[in-house]
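Trainee: Everything in the sequence shown is counted per the numbering used here, starting at 2 for the first residue and increasing by one.
The C-beta atom is built at its ideal place from N, Cα and C for all residues, glycine as well.
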Amino acid sequence: MLKSTNCLLAINNYYYPRGGAEVLFLEHNRMFENIGWQVVPFAMRHGKNLPTPWAEYFPDEIEFGADYGLAGKLVRAPRVIYSRQARQRMRGLLNVVQPRIAHVHNIYHHLSPSVLPLLKERGIPIVMTLHDLKLACPAYTMICGGKPCERCRGGKLYNVAVNRCIKGSLGLSGLVMVEAYLHRALGLYANNVARFVVPSRFLLEKLVQWGWSRERFVHIPNFVDIDRFRPGTAAGRRFVYCGRLDELKGIETLVRAAARVRQPLTLIGSGPLEKRLRALSAELGADVHFPGYLTKDALVAAIAQARAIVVPSECHENAPLALLEAYAAGRPVIGSRIAGIPELVREDETGMLYPVGDVTALADTLARAAALPDGRISAMGAAARAWVEKDFNAAVYLERQLALYDSLGVRVR
């Protein structure tokens, strides 16, 4: 058995930088490795995974909603709800490692919470960072038909199937409904996770409204590696969006707003909405650039050349890393007034807010930011950088996580 003074078992569906949650997961791991911890990852197998000697213990890949054919779907459906394979592979891993604590991130649908009781049986404290509203809303978002939705509140989970909340599919939505009912009946999260980490106060308050005890949560904001960014460059002309090109991210609203006031826009990232966004941009005659996915260095350079970063989400965004990265680069943020975003934007000091989904309001905000003197934009960016240096840096995040681990009896100091 591998023995280390401090061993962290890090659990997430994916082991590559697929999105903001995965980036935070990987950065969290790197941070603990840098202070001498042995970090052992547990994820599903995937062609894009980073190399790790622990991959032999990973369960097989499953992509929720992928077209596996009838036979493949019948085999995978039970794993979406409760993966016996993930539990078996975890048992094998625990026979060779002895973690002092397990830190869980996203495990829904792929790994499933089947591994949680096993960890508790072994006496391993479990911390889980919540990146979305899944503990309350089976469909993650509390959005239905493009509008806020809380129909499942009070245990009425059948609404996820009635309203076909997952990809508009009755089959997938029904599967997620069964998953939600079973997980709650077995108490897989409630009975096994010692503390839930929430990156935004919005998320904490919403889960308390839905019946969770406030004492189960610890508010630890996300962080950004500020050393990767070099603020101080002159304000650019283009507005920039960074992230997945997905329907609930509000990007179509952003394209329409930019076209209305003839402001140049760059959409960094890829996703299922890209083809539609390209067609819309051409139709409106908008100046929209699609550089696709960028490596870390290229992304940093693109952010540094922006006038402002736009976070136009139309879903309950928790605590977007793109916003903190903008601040680290000394760039102000234009954000929609929804969920956790207003917590991170100080109006006219580090950025601007507008009513969610409002094309006219966003267009007016883009025009106002474009008309501001470059010196004013730079001053907002400097205030943003100062804020992120104080409250959202890696050292502060690490101290908060270590204090949490300490509170669970994992003496690490």
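Going straight from the alpha carbon of A395 to that of M32, what length do you get?
Mentor: Near 8 Å, if we compare the C-alpha coordinates of M32 and A395.
Trainee: Could you give the residue range of the alpha helix (DSSP H) that holds I304?
Mentor: Here the alpha helix (DSSP H) through I304 covers 297 to 305.
Trainee: Under three-state DSSP, which class holds F224?
Mentor: In the structure shown, F224 sits in coil (DSSP, three-state: anything other than H, G, I, E or B).
Trainee: Is the stretch 230 to 237 in contact with the stretch 201 to 219, if contact means three or more CB pairs nearer than 8 Å?
Mentor: Output reads no: the stretch 201 to 219 does not touch the stretch 230 to 237.
Trainee: Only counting the same chain, and skipping five residues up and downstream in sequence, which positions put a Cβ closer than 6 Å to that of W38?
Mentor: Taken in chain order, the residues that qualify are N7, L9.
Trainee: Thinking C-alpha only, which one of E275, P232, S201, R231 is nearest P222?
Mentor: The residue with the shortest Cα to Cα distance from P222 is S201.
Trainee: Taking DSSP as the reference, what is the three-state secondary structure of F291?
Mentor: In this structure, F291 counts as strand in the three-state DSSP scheme.
Trainee: Quick one: what's got a C-beta closer than 6 Å to D61's C-beta in the same chain, skipping five residues either side?
Mentor: The residues are R46.
Trainee: So Y406 is in the alpha helix (DSSP H); what residue range does that whole segment cover?
Mentor: Run containing Y406: 395 to 408, per the alpha helix (DSSP H) assignment.
Trainee: Where E315 and E248 are concerned, what is the direct C-alpha to C-alpha distance, given to the nearest angstrom?
Mentor: Distance between the alpha carbons of E315 and E248: 9 Å.
Trainee: For Y16, count the other beta carbons within 10 Å of its own beta carbon; 16 or more makes it buried, fewer makes it exposed. Which is it?
Mentor: Its Cβ being crowded by 16 or more others within 10 Å, Y16 is buried.
Trainee: Keeping to the same chain, check which residues put their C-beta closer than 6 Å to that of V262; ignore five residues upstream and five downstream.
Mentor: A364, L367, A368.
Trainee: Round the Cβ separation of A303 and T267 to the nearest angstrom and send it over; I've been treating them as touching at under 8 Å.
Mentor: That pair is a contact at about 7 Å.
Trainee: So, do the stretch 187 to 203 and the stretch 265 to 285 have three or more beta carbon pairs nearer to each other than 8 Å?
Mentor: Short answer: they don't touch.
Trainee: Taking just the CA atoms, how far does A280 sit from A287?
Mentor: Those two C-alpha atoms are separated by around 10 Å.
Trainee: Just the C-alpha distance for I108 and E180, rounded to the nearest angstrom, thanks.
Mentor: Between I108 and E180, the C-alpha separation is close to 13 Å.
Trainee: Can you find the residues in the same chain that come closer than 8 Å, C-beta to C-beta, to I339, ignoring five residues on each side of it along the sequence?
Mentor: Contacts found: S314, E315, C316, H317, E318, V357.
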